[in-house]
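*Asks:* Take a look at the following structure, please.
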């Protein structure tokens, strides 16, 4: 029995707990968890609709909390942790320049996805605008990430069949690594834009 098979069996056995786990990880915009959840949904271990709903709800709630935290305690927290302050300031500058589209994509690049909503809370963005953009952004992120994992599962099933589970695990790892590399490239492009336009 492969490690992937054991993991899938554990997900199948603890389905309800797994949805809570997905919600918690989605609150931090964990791309790999959302992709794996989509893969598990394609295998029939998780319900696709419930997986998307939990990813969406976790992502939305996590950013609402970070926005509120920044509005309430932002300056004190940044004074206490100067290392976070530099990243938050960069993202805040991007928010001030690109307020309408950045909240729609900040969940994807590795370096800003955790700080995005915190930086929006430090910016001049209103609660109303943030909630609307956060709703749309969370939906785009949840649907695209879960369906990407689901599509990967479909492709790997067709290409590999049921007999090559070790190769399936290797392909999943490669898929996740490529997803991570693409998110790093997007992060670098955003940081380059911030340096060019301080």
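In UniProt numbering, the protein residues as written are 1 to 198. The C-beta atom is built at its ideal place from N, Cα and C for all residues, glycine as well.
1) Provide the residue span of the alpha helix (DSSP H) that contains residue 49, from first to last.
2) Quick one: is residue 52 buried, meaning 16 or more other Cβ sit within 10 Å of its Cβ, or exposed?
3) Could you tell me whether the stretch 96-105 touches the stretch 123-143, where touching means 3 or more Cβ pairs closer than 8 Å?
4) Okay, do the stretch 52-71 and the stretch 111-131 touch, 3+ Cβ pairs below 8 Å being the bar?
5) Taking C-alpha atoms, which residue in 55, 20, 154 and 74 lies nearest to residue 123?
6) Based on Cα-Cα distance, which residue from 48, 81, 108 and 126 lies nearest to residue 59?
7) For residue 132, is the classification buried or exposed, using 16 other Cβ atoms within 10 angstroms of its Cβ as the cut-off for buried?
*Replies:* This is what the structure gives:
1) 48-80
2) buried
3) yes
4) yes
5) Residue 74 holds the alpha-carbon nearest to the alpha-carbon of residue 123 among 55, 20, 154 and 74.
6) 108
7) exposed
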